[in-house]
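Numbering (numbering that gives the first Met the number 0), first residue to last: 0 to 352. By construction, the Cβ of each residue, glycine as well, lies at the ideal position given by its N, Cα and C atoms. Since the model is a prediction, treat every value here as computed from it, not as a measurement.
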Amino acid sequence: MVTKNTNILYKKRFWAGLLLAQFLLFYVFSKSEIMISFFETLFEFQKTVHQMIFSWIPFSFGDVLYILSGIFLLYCIIGSFKKKNRNSSFLKILSGINVFYFLYQIFWGMLYFQTPIIKKLPCQKEPTVEKAKILALKYLERCKETRELTSEDKNGVFIIKDVKAVQKEILHQQTKLPKNISDKKASEINSFKPSLFKSVMNFTGILGYYNPFTAEAQYNSQLPNTLIPFTSAHESSHQLGFAREQEANFVGYLIGIDSENTDLRYSTEYFTLKSLLNFIVDKDPEFVKSVLKNYSPEMKKDRAYEKAFVLKHQGLLDDFFGFTNNLFLKSNQQEGSVTYSYFIDLLMNYEKE
Numbered sequence: 000m001v002t003k004n005t006n007i008l009y010k011k012r013f014w015a016g017l018l019l020a021q022f023l024l025f026y027v028f029s030k031s032e033i034m035i036s037f038f039e040t041l042f043e044f045q046k047t048v049h050q051m052i053f054s055w056i057p058f059s060f061g062d063v064l065y066i067l068s069g070i071f072l073l074y075c076i077i078g079s080f081k082k083k084n085r086n087s088s089f090l091k092i093l094s095g096i097n098v099f100y101f102l103y104q105i106f107w108g109m110l111y112f113q114t115p116i117i118k119k120l121p122c123q124k125e126p127t128v129e130k131a132k133i134l135a136l137k138y139l140e141r142c143k144e145t146r147e148l149t150s151e152d153k154n155g156v157f158i159i160k161d162v163k164a165v166q167k168e169i170l171h172q173q174t175k176l177p178k179n180i181s182d183k184k185a186s187e188i189n190s191f192k193p194s195l196f197k198s199v200m201n202f203t204g205i206l207g208y209y210n211p212f213t214a215e216a217q218y219n220s221q222l223p224n225t226l227i228p229f230t231s232a233h234e235s236s237h238q239l240g241f242a243r244e245q246e247a248n249f250v251g252y253l254i255g256i257d258s259e260n261t262d263l264r265y266s267t268e269y270f271t272l273k274s275l276l277n278f279i280v281d282k283d284p285e286f287v288k289s290v291l292k293n294y295s296p297e298m299k300k301d302r303a304y305e306k307a308f309v310l311k312h313q314g315l316l317d318d319f320f321g322f323t324n325n326l327f328l329k330s331n332q333q334e335g336s337v338t339y340s341y342f343i344d345l346l347m348n349y350e351k352e
């Protein structure tokens, strides 16, 4: 005789077993070049369809989905404290995790196992501090020159003249990426959205994120303007299908570094310079100090504004999200969130070309 309790037990075992089966199945898929190629093809179709559906909505629909999912999860957790609803609430959470995990993997997760960009470059040499110093000085001069062409507010801090123009230029530059690095299709559909969580993001250290369920590229519109164009280029690289964070940085670099849009170009040059200095600082802090002293007066104001923004929003949330993001990156075969060596590796090998 099958009782109600027995039926519930069967359902729990089914959903738990299904989740375990998914873990094993996608692990096997991650080791298969044929399956990875299949998911790359699926992504090309999915991103175009999703952008066509969601891009016209003036707000981030993906953020709304996250809010509704959070409300549903909270409702189930509260329900689990009530004895009569405990089993049904637990089953809802378990089934929800299954659906979320499955959709995440087929829409995005498997892209972390694509062929790394570094293997597509002809030269694959370890980055050296001396080469990094040469490039740092190069990008310092480029930043100085480009900064002179940009606009600033009444305090002399860099401001973006036209956000839509920056976004349009990013989409255009996606079509001009080197074929040996990217054969991905640029949809040229504007699906950039300011995040609904911007006030919270200020305290997390998160500049932007890609929503794999809607193919929207979210950015924090309250960031210092020096960060917004390159953050947008980075998130647009995820939209193209580059899942690894430092590869998205590199593709963002390719998108912005030779752009005719001065806001995008300056933000990209500035990010590149800071990344190089972060790579050098542990080996030669005096060199980094000398470069910072040689910032133009305008660049020094931009840097001071960025530092003030970071100091104003530092706290426990920043530490928490930094820790969780670090775990997430490592679980997807990436370096930790603080390590930029892979981007520097790509940059230096590309520069040798």
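Same chain, Cβ closer than 6 Å to residue i, neighbours up to 5 away in sequence not counted
i: R85; result: S79
i: K197; result: N219, S220, Q221
i: M34; result: F28
i: V280; result: V287
i: T230; result: L206, G207, Y218
i: F25; result: Q104
i: E297; result: R146
i: S236; result: A247, V250, G251
Candidates the options: closest to residue i by CA position
i: G16; options: L90, F241, I70, M51; result: L90
i: A214; options: V199, I188, K137; result: I188
i: C75; options: G95, M347, V162, S88; result: S88
i: G207; options: K183, N248, I180, L176; result: N248
i: G240; options: S36, K132, M298; result: S36
i: K282; options: I70, E297, K132, K119; result: K132
i: Q245; options: F71, N348, F342, V48; result: F342
i: E168; options: R264, L345, F13, K137; result: R264
i: S54; options: E32, Q238, L72, E297; result: Q238
i: F71; options: G95, K130, F202; result: G95
i: L310; options: L346, E259, T203; result: T203
C-alpha distance - residue i paired with residue j, whole-angstrom precision
i: T271; j: A135; result: 8 Å
i: L19; j: P211; result: 22 Å
i: F157; j: Y294; result: 14 Å
i: S234; j: I7; result: The sequence as given places Glu at residue 234; Ser does not occur at that position. If you take the alpha carbons of E234 and I7, they lie about 43 Å apart.
i: V250; j: T174; result: 12 Å
i: V98; j: I92; result: 10 Å
i: Y103; j: E43; result: 15 Å
i: I254; j: S266; result: 11 Å
i: A216; j: T5; result: 45 Å
i: L176; j: I77; result: 49 Å
i: Q353; j: G155; result: There is simply no residue 353 to check, as the chain begins at 0 and stops at 352 in what is shown.
i: Q313; j: R302; result: 16 Å
i: D182; j: K81; result: 53 Å
i: A232; j: Q166; result: 8 Å
i: Y304; j: E151; result: 12 Å
i: K163; j: S186; result: 17 Å
i: Y252; j: L110; result: 20 Å
Residues bridged to residue i [DSSP beta-bridge criterion]
i: Q217; result: K192, Y208
i: F157; result: E151
Close beta carbons around residue i, own chain, < 8 Å, minus the five adjacent residues each side
i: T357; result: Shown here, the chain extends from 0 to 352; a query on residue 357 therefore has no answer.
i: L139; result: L272, V290, N293, Y294
i: M51; result: I188
Beta-carbon proximity list for residue i, same chain, < 7 Å, skipping 5 on both sides
i: Y269; result: C142, T225
i: W107; result: P211, A242
i: N179; result: K119
i: V128; result: I279, K282, D283
Inter-stretch contact at 8 Å, needing at least 3 Cβ pairs: the region 122-131 / the region 212-231
no
Would you call the region 180-197 in contact with the region 60-67, where contact means no fewer than 3 C-beta pairs closer than 8 Å?
yes
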